[in-house]
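The next block holds one structure in the form of structure tokens; read it before the comments.
Residue numbers (the numbering used here), protein chains in the order written: chain S, 372 to 606; chain D, 372 to 606.
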């Protein structure tokens, strides 16, 4: 199997391991409803998430220097306030709201699946989320990572090559010894282009109607959950 | 107390948490004795360690680009071979010998001490050791870090300012919310100069006669072990 020489598993996080949509919607509701604000909370989460790629693109293109995701989230929150009539919120409330991204729950299979995989592989998030955000999610969901890799570590955003290559190098591995695990085709395609092995983890529940699925691309492993991935890898 | 606002603890690793001297001596002996080689194994470990600062200084001064410690260890091993009559060793043996630094045991108080501190603080190594090396030591000694920070993360070597500042920033903290814990005065002095709080952990057993002790500098906390540090911080 093309995964026989794999020694490290890299995980995308938003969508692949954690439910950002319900989490951000719920955190926003918990913060704002008591102030008499009524919104379509899922639409709010989606609108915020829609600003994610354009914000990172400004870094990828060199228009702005590397800026961690927490800061980008805070800026993009500002831009969506008018469409939800939230311009009156105070700075401190916006800061608190930005922490919604640190308070996301993992899908039910993740904790047990990673614990199994960890017995056989190095495991690390290779996410565009910053280190502090990853640490909060790990504590909340009892995830035991070997290291926090990804955007902050490489000071670049996926799907830029250096994010995948820096992660492999962190474990003293060549790309072919690393398996990128993600629910998104674009991430897996970029990983494969850099020589990594790829595992697709299906998360149709991430965002109904979202089209970035890996069905059309060729991957080394495919699974419906992290537990199923562990089973497929014999871990 | 000056540590009241501390949220993250950063740990030096070589000497402060792990016994590099016995570890490297023992690993070298295990690898080479069966080939009929007889050495003063501790002297060998000391000679290798003596090349540590000069090797990093080439990076700090800009003479060479950032190069991870595993690579520096491999190069400095080459330079000490003649003084121990080891020039005949093959490349693969030298590569294996370099991994001695990945197989070090923690001092007896470390695992339990860090587990206690983790209940109250973010904890991370801020070492000049590279990520893979830190991950091997963590697995071997059952250390549960929130993140692996330090040289690879900052792409610089302590005591350069950016190593301490990048570590604080990784946790979204200001330096004054971070406590650098180390057995070496030079490390603590640089941390303090960057606004971090400082904890001295005495390790006279690291290397008999070594003079870089913190006795002469002013620190915020002083302890004889990580467990004692936990007690002093009320963790």
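Glycine residues also receive a C-beta, built at the ideal position from the N, C-alpha and C atoms.
Where residue 432 of chain S is concerned, there is no enclosing alpha helix (DSSP H), because DSSP gives it neither an H nor an E. Annotation for residue 502 of chain S: the continuous alpha helix (DSSP H) segment containing it runs 502 to 512.
Chain D places a beta carbon closer than 8 Å to that of residue 543 of chain S, counting this residue as a contact. The alpha-carbon of residue 485 of chain S is positioned some 19 Å away from that of residue 499 of chain S.
Sequence-distant Cβ neighbours of residue 528 of chain D in its own chain, meaning closer than 6 Å and more than five residues away, are 427, 430, 431, 499, 522. Taking 8 Å as the threshold, the shortest C-beta distance from residue 515 of chain S to chain D falls below it. Residue 523 of chain S has a beta carbon lying within less than 8 Å of a beta carbon in chain D. Those residues of the region 483 to 505 of chain S placed with their C-beta closer than 7 Å to a C-beta in chain D are 493, 502, 503, ordered along the chain. Counting only unbroken stretches of 4 or more residues, the alpha helix (DSSP H) elements lying wholly within the region 374 to 459 of chain D are 391 to 403, 412 to 421, 423 to 431, 440 to 451, in sequence order. Taking 3 residues as the minimum length, the beta strand (DSSP E) runs contained wholly in the region 501 to 579 of chain D are 549 to 553, 568 to 572, in order along the chain. With respect to the C-alpha of residue 421 of chain S, the residue from S:511, S:514, S:388, S:392 having the closest C-alpha is S:392. Closest in alpha carbon position to residue 538 of chain S, among S:577, S:461, S:417, S:382, is S:382. Each of D:494, D:450, D:423, D:401 was checked against the Cα of residue 439 of chain D, and the nearest Cα belongs to D:423. By DSSP's assignment, residue 497 of chain D forms a beta bridge with D:520. Taking every protein chain shown into account, the CB of residue 548 of chain D has 16 or more other CB atoms within 10 angstroms, so this residue is buried. Residues of the region 372 to 404 of chain S with a Cβ closer than 7 Å to any Cβ of chain D: none. Taken through DSSP and simplified to helix, strand or coil, residue 601 of chain D comes out as helix. When the alpha-carbon of residue 591 of chain S is set against those of S:567, S:576, S:606, the nearest one is in S:567.
In this chain, the alpha helix (DSSP H) harbouring residue 481 of chain D covers 481 to 489.
With respect to residue 386 of chain S, residue 577 of chain S sits close: the two C-beta atoms are nearer than 8 Å. A residue is called buried when at least 16 other Cβ atoms come within 10 angstroms of its Cβ; residue 450 of chain D does not meet this threshold and is exposed. Taking 8 Å as the threshold, the shortest C-beta distance from residue 518 of chain S to chain D falls below it.
At a C-beta separation below 9 Å, residue 441 of chain S has these neighbours in chain D: 543. Under the Cβ criterion (8 Å, minimum of three pairs), the region 492 to 508 of chain S counts as touching the region 373 to 382 of chain S. Burial check for residue 496 of chain D: the Cβ neighbour count within 10 Å reaches 16 or more, so the residue is buried. The three-state reading of DSSP puts residue 477 of chain S in strand, counting E and B together. Cβ atoms of residue 389 of chain S and residue 508 of chain S come within 8 Å of each other, at about 6 Å. Burial state of residue 462 of chain S is exposed, judged by a 10 Å Cβ sphere holding fewer than 16 other Cβ atoms. Residues 381, 497, 529, 546, 549, 551, 561, 562, 565, 567 of the same chain have their beta carbon placed closer than 8 Å to that of residue 535 of chain D, with the five preceding and five following residues left out of the count. The C-beta separation of residue 474 of chain S from residue 511 of chain S comes to about 7 Å, placing the pair in contact by the 8 Å criterion. Restricting attention to D:415, D:533, D:454, D:575, the CA atom closest to the CA of residue 437 of chain D is found in D:533. Excluding five sequence positions before and after residue 374 of chain S, the CB atoms of its chain that fall closer than 7 Å to its own CB belong to 550, 568, 591, 592, 604, given in chain order. The Cβ atoms of residue 398 of chain S and residue 471 of chain S sit closer than 8 Å to each other. Under the three-state reduction of DSSP output, residue 595 of chain D falls in the coil class, being neither helix nor strand.
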